[in-house]
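>
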Amino acid sequence: MESKKLGKKELLVGIKSWVKKEKQATLIVLEYLSEIDRRNLWQEEGYSSLSDFCMRYLGYSGPEAARRIHAAGCVEKIPEVKPLLEDSRLSLSAISLIAPHITAANAPKMLPLVAGKSTREIPELLAEHFDVPLPKEGIKLPHDPELEKLLKEYEGLSSEKDQLVLIKDALKIAIKQKRAYWEPKKEVNRPVKKHTRYIPLAKRREVRKQSDGRCAYKSDSGVRCNQTVHLEFDHSVAWAHGGSSQDAGNIRLLCKVHNQFLARNQFEKARKFVPATSRARGSDGDNALGESVRVAGRGRG
Ligand SMILES: [Zn+2]
691 MESKKLGKKE
701 LLVGIKSWVK
711 KEKQATLIVL
721 EYLSEIDRRN
731 LWQEEGYSSL
741 SDFCMRYLGY
751 SGPEAARRIH
761 AAGCVEKIPE
771 VKPLLEDSRL
781 SLSAISLIAP
791 HITAANAPKM
801 LPLVAGKSTR
811 EIPELLAEHF
821 DVPLPKEGIK
831 LPHDPELEKL
841 LKEYEGLSSE
851 KDQLVLIKDA
861 LKIAIKQKRA
871 YWEPKKEVNR
881 PVKKHTRYIP
891 LAKRREVRKQ
901 SDGRCAYKSD
911 SGVRCNQTVH
921 LEFDHSVAWA
931 HGGSSQDAGN
941 IRLLCKVHNQ
951 FLARNQFEKA
961 RKFVPATSRA
971 RGSDGDNALG
981 ESVRVAGRGR
991 G
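Positions in the sequence shown are counted from 1; adding 690 to them yields our numbering.
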């Protein structure tokens with residue numbers, strides 16, 4: 691494949707240019723869809739709706755079809771949406787969210803508000819400025835065959851009341867565990883060691899506050915990671931290399947991906963200076979350097 695031969699810079703510049711072409715193609719697809727719908731061609735060709743045409747004739751999934759149909763209608767109704775889609779200030783998903791509420795009258799106010807906003811932020815803006823109710827949020831169960839099998843089995847063995855009790859009990863336990871971690875009544879009294887991997891609660895809170903509850907990783911080009919879940923505390927100067935757990939300046943909050951990425955980088959750098967005999971021993975803990983303390987569970991000492 692051509693891309694395998696490309697360097698990092700060529701890949702990063704190349705993908706931008708292909709995405710631009712993809713956007714242009716999307717806009718053409720939306721124009722075609724509007725015209726096909728205007729002429730009712732889907733009907734003549736044996737489809738029950740434009741959505742059915744998009745799925746069976748064009749091969750889109752249900753949600754992909756819905757996003758394109760919403761966007762096509764929106765661009766047709768409000769032409770000012772088109773340039774926003776063109777330069778990525780609005781995605782197809784974002785247009786789907788605003789499509790039912792946007793009118794020629796409110797577009798001049800609504801479009802600058804939603805342009806560049808994520809699909810998470812848009813419902814809040816709509817609720818605040820346009821009297822649109824916020825969608826009900828709940829825990830989304832991930833697609834997991836084992837979980838689905840267990841749920842189905844439990845469903846067959848229990849009443850609706852049992853199922854409700856089970857969910858409530860499981861949530862109570864999970865909340866209790868999370869609270870015990872973030873809001874413990876008092877810090878566990880640990881013997882003060884000169885050099886310990888254990889990060890005191892006050893330091894963990896300080897670091898979390900400084901990071902705004904987000905992964906602190908920033909790329910060379912200045913892009914900050916926005917992950918807010920499954921975060922881990924990590925020593926900037928490795929604990930094994932004398933880095934302190936008492937100094938909040940030496941502790942950073944990282945998502946799992948960036949913790950592993952930085953550890954791998956550090957490990958690769960270290961490998962160049964470590965004799966081959968030491969390398970064979972490998973890692974001893976959470977990452978390649980055995981550094982991190984996971985946020986989800988109690989911090990190791
Ligand atoms: Zn991250």
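We treat Cβ as the ideally placed atom computed from N, Cα and C, and that holds for glycine.
1. How is the alpha helix (DSSP H) around residue 764 delimited, first residue to last?
2. May I have a chain-ordered list of the beta strand (DSSP E) segments no shorter than 3 residues that lie completely inside the region 918–956?
3. Residue 957: which of 919, 931 and 937 sits nearest, CA to CA?
4. Any heavy atom of ligand 1 closer than 8 Å to the Cβ of residue 722?
5. Pick out every residue whose C-beta is nearer than 5 Å to a heavy atom of ligand 1: which are they, in chain order?
6. Residue 891 and residue 904: beta carbons closer than 9 Å?
7. Please classify residue 746: does DSSP put it in a helix, a strand, or coil?
8. Around the C-beta of residue 718, are 16 or more other C-beta atoms found within 10 angstroms, so that it is buried, or is it exposed?
9. State buried or exposed for residue 856, treating a residue as buried only when at least 16 other CB atoms are found within 10 Å of its CB.
10. Suppose you measure from the CA of residue 693 to the CA of residue 953; what does that come to, to the nearest Å?
11. For residue 914, which beta-bridge partners are listed by DSSP?
12. Please list the terminal residues of the continuous alpha helix (DSSP H) segment that includes residue 819.
13. Among residues of its own chain, excluding the 5 on either side of residue 750, which ones have a beta-carbon nearer than 8 Å to its beta-carbon?
14. Does residue 695 come out as helix, strand or coil in the three-state DSSP assignment?
15. Sorted by chain position, which residues of the same chain lie with C-beta nearer than 6 Å to residue 914's C-beta, five sequence neighbours on each side aside?
16. Counting Cβ pairs closer than 8 Å, one from the region 729–746 and one from the region 797–804, do we hit at least three?
17. What is the DSSP secondary structure of residue 775, reduced to helix, strand or coil?
18. Ends of the alpha helix (DSSP H) at residue 844?
Looking at the coordinates:
1. 752–767
2. 921–925 and 941–945
3. 931
4. no
5. Matched residues: 905, 907, 915, 917, 945 and 948.
6. no
7. helix
8. exposed
9. exposed
10. Going by the C-alpha atoms only, they are around 27 Å apart.
11. 908
12. 811–820
13. Taken in chain order, the residues that qualify are 744 and 758.
14. helix
15. 908
16. no
17. helix
18. 835–847
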